[in-house]
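Trainee: With this note's numbering, letter number 40 in the sequence shown gets 206, and the count goes up by one each step, no holes.
Have a look at this one.
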Amino acid sequence: MGDVFLQELWFHQVDGVVIENAVVDGELVVVRARASAERVACPACGTVSGRVHSRYVRRLADTAVAGRPVLIELQVRRFRCRDRTCRQATFVEQVDGLTSGMGGEAPGCRRCCNR
C-alpha cells in the first residue's frame with residue numbers, strides 16, 4: 167500500500183490533504199493526515215494569511231473499511247488574520263468536502279468527534 171493508493175482511497179474527492187500514515191490499531195483503522203494549504207483566506211474578511219497561530223487534531227469517524235471502523239486524525243491549523251481591523255483575530259482552516267466550521271457532520275463521514 168503506497169501513499170498514492172491511500173490518498174486515492176480516502177481523499178479522492180478532497181483537495182488539500184496529505185496522508186502521513188495509516189495503521190491498524192486493534193479493530194480500528196487510524197488514518198493520520200494533515201491539511202496542506204500554505205495560505206488560507208479568513209472567513210470573516212477574506213484576507214489571505216500564512217501566519218500559523220497553533221495546530222490541533224480533529225478526529226473524524228468515517229465509514230468502515232473491510233468491516234473495521236475508520237478514524238481520521240486530521241491535523242489542522244489555526245491562523246492569525248493579517249487584517250488588524252478584522253473582527254475575527256484567528257480562524258481554523260477548513261478542508262472542503264471533509265470538515266465544516268461548526269463541527270457538524272462532514273460530508274462522507276458519519277460523525278465528527280473533536281476530542
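Think of the CB as a built atom: it goes at the ideal place given N, C-alpha and C, for glycine as much as any other residue.
1) By Cβ distance below 7 Å, which residues in the same chain neighbour R253 in space, the five residues on each side in sequence not counted?
2) Pull up the distance between the alpha-carbon of T213 and that of G233, whole angstroms please.
3) Should V195 go down as buried or exposed, given a rule of 16 or more other Cβ atoms within 10 Å for buried?
4) Provide the residue(s) that pair with D191 in DSSP beta bridges, ordered along the chain.
5) Taking the beta carbon of A255 as the centre, do at least 16 other beta carbons fall within 10 Å, making it buried, or is it exposed?
6) Drop a sphere of 10 angstroms on the beta-carbon of V236, count the other beta-carbons inside from all chains shown, and report buried for 16 or more, exposed for fewer.
7) I think V242 touches V231, with their Cβ atoms under 8 Å apart; what is that distance to the nearest whole Å?
8) Please report the distance separating the alpha-carbon of Q260 from that of A203.
9) Figure out for me which residue from A227, G216, R221 has the closest Cα to the Cα of D249.
10) Evaluate V218 with the Cβ neighbour count: other Cβ atoms within 10 Å of its Cβ, from every protein chain shown; 16 or more gives buried, anything less gives exposed.
11) Starting from the C-beta of R281, find all residues in its chain whose C-beta is less than 7 Å away, skip the five residues before and the five after it, and write them out in chain order.
12) Throw me the rounded Cβ distance for the V183 and L264 pair, which I believe falls under 8 Å.
Mentor: So, from the listed chains and residues:
1) Stepping through the sequence shown from its first residue, residue 253 is reached at position 87. Excluding residues within five positions, the ones whose Cβ falls inside 7 Å are A210.
2) Taking the first residue of the sequence shown as position 1, residue 213 is located at position 47. Taking the first residue of the sequence shown as position 1, residue 233 is located at position 67. Their backbone Cα atoms lie some 44 Å apart in a straight line.
3) Looking up residue 195 in the sequence shown gives position 29. Buried.
4) Position 25 of the sequence shown, counted from the first residue, corresponds to residue 191. BP columns for D191 point to L194.
5) The residue given as residue 255 occupies position 89 in the sequence shown. Exposed.
6) Start at 1 with the first residue of the sequence shown, and residue 236 comes out as number 70. It is buried - the Cβ of V236 has at least 16 other Cβ atoms within 10 Å.
7) Numbered from 1 along the sequence shown, position 76 holds the residue referred to as residue 242. Numbered from 1 along the sequence shown, position 65 holds the residue referred to as residue 231. The Cβ separation is near 23 Å, so there is no contact.
8) What you label residue 260 is simply residue 94 of the sequence shown in a count that begins at 1. What you label residue 203 is simply residue 37 of the sequence shown in a count that begins at 1. Roughly 10 Å separates the two Cα atoms.
9) Within the sequence shown, numbered from 1, the residue matching residue 249 stands at position 83. Looking at the Cα atoms, G216 is the closest of the given residues.
10) In the sequence shown, residue 218 corresponds to position 52, counting from 1. Its Cβ having fewer than 16 others within 10 Å, V218 is exposed.
11) Stepping through the sequence shown from its first residue, residue 281 is reached at position 115. In this prediction, R281 scores a pLDDT of 39, lower than 50, which makes its location untrustworthy; the coordinate-derived value is nonetheless stated afterwards. Excluding residues within five positions, the ones whose Cβ falls inside 7 Å are R225.
12) For the purposes of this step, residue 183 is taken as residue 17 along the sequence shown, with counting starting at 1. For the purposes of this step, residue 264 is taken as residue 98 along the sequence shown, with counting starting at 1. The pair is a contact, with the Cβ atoms about 7 Å apart (cut-off 8 Å).
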